[in-house]
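Data block below; observations after.
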Amino acid sequence: NETLAFFEENAASELYFDNSKKFNTHSSGIKITGTHGNITTNNFGHIFCQNTNNSSTNFWGISARDSGVLDIGYGAKSSDLIAGDVLTLTTSGDVNIPNDTGKLQLGASQDLQIYHDGSNSFIDDTGTGQLRLRSNQLLIQNAAGNANQIICTESGAVDLHHDGSKKLETTSDGSTVYGKLSFGGSG
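Residue numbers (the working numbering): 40 to 226.
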């Protein structure tokens with residue numbers, strides 16, 4: 040004698056496999072139970088996944104907010120949002136990693152990493168080959184974005200600036216220096 044399904048009026052519905060409950064509904068969503076993990080939903084638009092092979096009480100979670108933002112995180116279950124580190128995808132196409140230890144890692148061996156450590160921002164290329172920046176005009180500016188530091192123009196000049204003022208420019212004939220040129224050294 041095996042239970043295949045159980046349905047209770049105004050309450051839970053359950054489905055069984057080999058007399059073991061695998062799917063059930065509850066007041067705020069559903070729960071799917073498997074050999075290696077559980078999937079649970081709730082009435083806040085969250086989906087929680089838990090690996091039951093270890094003793095961890097943490098969950099992977101996906102949350103769809105009313106504003107169209109999708110959060111992906113790992114941590115303790117919460118009725119409002121996934122606690123812990125969260126990756127956020129916005130409707131405008133932004134990807135946010137809102138912590139100072141998170142990294143955007145690309146490549147089979149995570150060869151390219153973009154991250155912020157709380158004080159500094161980094162682009163690390165640790166793989167073979169080169170880090171190539173391609174542009175018809177590359178601008179490196181100050182943090183405020185109101186003063187150029189280096190300007191590289193395709194098939195043209197490379198300009199070096201000091202405090203927003205051009206000091207050196209490469210030309211087809213060589214270079215032009217704006218201001219004083221000093222040579223240092225010990226000899």
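Yeah, the Cβ is synthetic: ideal placement off N, Cα and C, and Gly gets one too. Small disclaimer: the values here were computed from a predicted structure and weren't measured.
Locate the beta strand (DSSP E) running through residue i, then write down its first and last residues.
i	result
V108	That residue, V108, is in no beta strand (DSSP E); it is neither H nor E in DSSP.
Q188	187 to 192
S160	160 to 164
S11	The question about residue 11 has no answer here: the residues shown for the chain are numbered 40 through 226.
Excluding five sequence neighbours on each side, which residues of the same chain lie with their C-beta closer than 6 Å to the C-beta of residue i?
i	result
C191	L177, V197
T129	V108
S52	F46, T64
I78	I71, C88
F161	Y154
K60	E53
D119	Residue confidence for D119 is low, a pLDDT of 46 falling below 50, so the modelled location carries little weight; the figure read from the coordinates is stated next. Contacts found: none.
Y55	T42, L43
Y217	K205, K206
Which of the three DSSP states, helix, strand or coil, is assigned to residue i?
i	result
L172	coil
A196	coil
I86	strand
Y217	coil
A44	strand
S302	Because residue 302 is not part of the residues shown, which for the chain are 40 to 226, the question remains open.
S59	strand
Q149	coil
A103	strand
N77	strand
S67	coil
T72	strand
I136	coil
S52	strand
D119	Because the pLDDT at D119 is just 46, under 50, the model does not fix this residue reliably, and the value given afterwards should be weighed accordingly. The answer is coil: DSSP assigns D119 none of H, G, I, E or B.
Near residue i, what residues of its chain come up, given a Cβ to Cβ distance below 8 Å and the 5 sequence neighbours on each side ignored?
i	result
D139	H155, D156, G157
N58	E41, T42
G166	G146, S148, D150, L151
G223	none
Taking residue i and residue j to be in contact with their CB atoms under 8 Å, please state how far apart those CB atoms are, rounded to whole angstroms.
i	j	result
L126	G146	That belief does not hold up - the Cβ atoms of L126 and G146 are roughly 18 Å apart, past 8 Å.
I101	I86	5 Å
D133	L151	At roughly 19 Å, the Cβ-Cβ gap does not stay under 8 Å, so D133 and L151 are not in contact.
Mind checking if residue i is an interface residue toward chain B, Cβ cutoff 7 Å exclusive?
i	result
Q169	Here there is only one protein chain, and chain B is not present.
Among residues of its own chain, excluding the 5 on either side of residue i, which ones have a beta-carbon nearer than 7 Å to its beta-carbon?
i	result
Q180	A186, N187, Q188
L199	I189, K206, L207
T209	A196, V197
L170	D164
E193	N175, Q176
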